[in-house]
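The next block holds one structure in the form of structure tokens; read it before the comments.
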Amino acid sequence: MPHAVSRSAMMRYIFAGLSASLIAIGLARFAYTPLLPELINQHWFSSADAAYLGAANLAGYLIGALLGRPLAARFSNNHTLRLMMLAVTLSFFACAFPLSVGWYFVWRLVSGISGGAIMVLVAATVLPHVPAGSRNLASGAIFLGIGLGIFASATLVPLLIDLGLRATWYGLGVVSALLTLLSWWNLPKPAPLLHVVPAHSDAAANGNAAPHLSSPKPLWILYAQYSLIAVSIVAPAVFLVDFIARGMALGTHTGALFWGVYGIGSMIGPVLYGYFADRFGAKPTLRMVLLAQMLALFALAYSDHYLLLIGLTVIIGTFPPGIVPLMLARINETVPEPHKQHLGWSRATVFFAAFQAAAGYLLSMVFNLTHGGHRTLFAIGAAALVLALLLEALNRRRGKF
């Protein structure tokens with residue numbers, strides 16, 4: 000560890016990181032899903048404009064992933080995180096006023112930029128203050144915020160909607176402001192080594208990094224895998240509720256219930272995956288998770304059994320927030336130098352954001368071409384994970400990965 004901190008201080012740092020991921024990704028992105036029908040029903044926006052505004056957050060996420068490191072170099076990690084949390088809070092309050100499509104687009108874009116920058120920076124800010132052997136679990140706790148946001152989008156947001164759209168945006172803004180305030184003084188000051196040192200490297204044991212920078216070639220396999228993972232995540236995250244409500248003809252109430260089940264899985268995923276990465280190593284854990292998710296998506300594409308669908312939804316729900324600490328741990332295992340780790344994670348986030356946005360548009364096209372073929376989309380997601388597993392298998396055979 001770069002320097003010793005008390006357990007209470009470490010927990011405060013992790014809480015601040017969790018809060019940042021909760022408001023900037025968990026709420027700013029996923030709370031829009033249950034709000035989308037109401038934005039249309041209450042005539043704030045047309046269906047086409049509402050979908051366009053949803054995509055603005057994904058575009059902003061890509062921009063934020065690109066800007067995160069330059070902003071941190073200019074203002075420091077903790078100051079940038081505070082700025083991004085403030086920006087998200089302002090975006091919630093601004094969205095309470097549907098002045099125009101352009102106004103809404105700007106603030107949805109701002110919320111996405113904040114989410115991308117926070118994703119790049121939050122782990123590198125907090126984890127240097129955590130003991131090496133617990134960093135994967137701590138990373139899972141930080142990104143648990145994403146899962147909590149997904150769960151809140153399925154529980155808190157529907158309750159707020161009963162009070163009206165404007166009250167809902169106000170409520171999200173108040174929650175965001177409160178978490179920002181509680182986190183403001185709990186973000187750690189920059190450590191002597193600001194970036195993450197892997198738990199299993201010699202550099203971690205010695206408290207510093209080796210001066211020689213290793214080849215980044217193995218990281219490109221992880222970038223490709225993370226990109227394919229992004230494709231696999233989009234189909235259930237976007238189309239699951241519609242599949243249950245209309246595709247299975249079970250109604251909107253049951254669709255909302257399944258979104259809540261998905262949220263339960265999303266709360267389990269980050270800590271569970273982080274624990275397994277600490278216990279068994281990130282590489283075998285990633286392999287196991289990819290296999291499990293591939294099988295779950297294929298089963299979702301072909302199953303009609305109600306109870307099985309509930310179980311599959313829990314499993315699939317663990318993936319979007321859970322893969323974040325797991326891929327971060329995998330990158331940290333692959334390259335020993337802190338600077339290369341931070342750069343690798345930043346690039347991985349950019350690839351994920353780009354492929355996620357592209358998959359959203361392409362899968363929507365497939366959905367229209369297949370006249371609402373939900374199962375085709377789930378099968379495409381499973382096929383993407385087959386490719387991710389093949390990439391690792393091929394490189395293991397060549398002895399390069």
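Each residue of the sequence shown is one higher than the one before, starting from 0 at the first, in numbering that gives the first Met the number 0. All C-beta atoms, glycine included, are put in the ideal place defined by N, C-alpha and C.
Query, Result
"Span separating the alpha-carbon of V4 from that of P187", "10 Å"
"Cβ contact check for the stretch 315-322 and the stretch 284-302: 3 or more pairs under 8 Å", "yes"
"Inter-residue spacing [alpha-carbon to alpha-carbon] between F150 and L386", "30 Å"
"8 Å contact criterion, which A153 and L159 should meet: CB distance rounded", "The Cβ separation is near 12 Å, so there is no contact."
"R84 to L327 span [Cα, whole Å]", "For the record, residue 84 in the displayed sequence is Met; it is not Arg. Cα to Cα, M84 sits roughly 22 Å from L327."
"Contained alpha helix (DSSP H) runs [length at least 4] in the stretch 319-376, N- to C-terminal order", "337-368"
"6 Å Cβ shell around A46 - same chain, five flanking residues per side excluded", "Reading off the sequence, residue 46 comes out as Ser, not Ala. Excluding residues within five positions, the ones whose Cβ falls inside 6 Å are I39."
"Local conformation of M83 per DSSP, three classes", "helix"
"Neighbourhood of V323 by C-beta distance below 6 Å, restricted to the same chain and skipping five residues each side", "F142"
"Cβ shell of R245 (< 6 Å), same chain only, five flanking positions each side left out", "none"
"Through-space distance from G111 to L308, alpha-carbon basis", "31 Å"
"Between the CA atoms of Q340 and A392 - distance to the nearest angstrom", "23 Å"
"Residue of R329, M118, H78, L171 minimising C-alpha distance to T88", "L171"
"Distance between P337 and A405 (C-alpha atoms, nearest Å)", "Residue 405 is absent from the model: the chain starts at 0 and stops at 400."
"8 Å Cβ cutoff, M118 in contact with chain C", "Note that chain C does not occur in the displayed structure, where there is just one protein chain."
"Rounded straight-line distance, which links the Cα of S75 to that of P130", "22 Å"
"Alpha-carbon to alpha-carbon, S265 and R107", "23 Å"
"Secondary structure of M247, DSSP reduced to three states", "coil"
"Inter-residue spacing [alpha-carbon to alpha-carbon] between Y103 and V109", "10 Å"
"Close Cβ partners of I243 (< 7 Å) along its chain, the five nearest in sequence each way excluded", "L249, T253, G254, F257"
"P157 - containing alpha helix (DSSP H), residue span", "134-160"
"Option nearest D161 by Cα separation, candidates A15, E37, G310", "E37"
"Cβ-Cβ distance between G114 and I24 below 8 Å", "yes"
"Distance, A223 Cα to T369 Cα", "27 Å"
"Beta carbon of K79 nearer than 8 Å to that of A116", "One point to set straight first is that residue 79 is Thr, not Lys, in the sequence displayed. Yes, these two residues count as a Cβ contact at 8 Å."
"Straight-line gap, V233 to V125 (C-alpha atoms, nearest Å)", "28 Å"
"Straight-line Cα distance separating W219 from A356", "20 Å"
"Same chain, Cβ closer than 7 Å to T333, neighbours up to 5 away in sequence not counted", "P217, L218, L221"
"Option nearest I263 by Cα separation, candidates P320, F275, G273, A229", "P320"
"8 Å Cβ cutoff met for S231 and G380", "yes"
"Sequence-distant residues of the same chain with beta carbon closer than 6 Å to G16, five excluded per side", "V121, V125, I141"
"DSSP state of W43 mapped onto helix, strand, coil", "coil"
"Cut-off 8 Å between Cβ atoms - residues of its own chain near L65, not counting five sequence neighbours on either side", "G115, V349"
"7 Å Cβ shell around L181 - same chain, five flanking residues per side excluded", "S18"
"Integer-rounded CB distance, given that N185 should sit under 8 Å from A281", "Their Cβ separation, rounded to whole angstroms, is 27 Å, which puts A281 and N185 out of contact at 8 Å."
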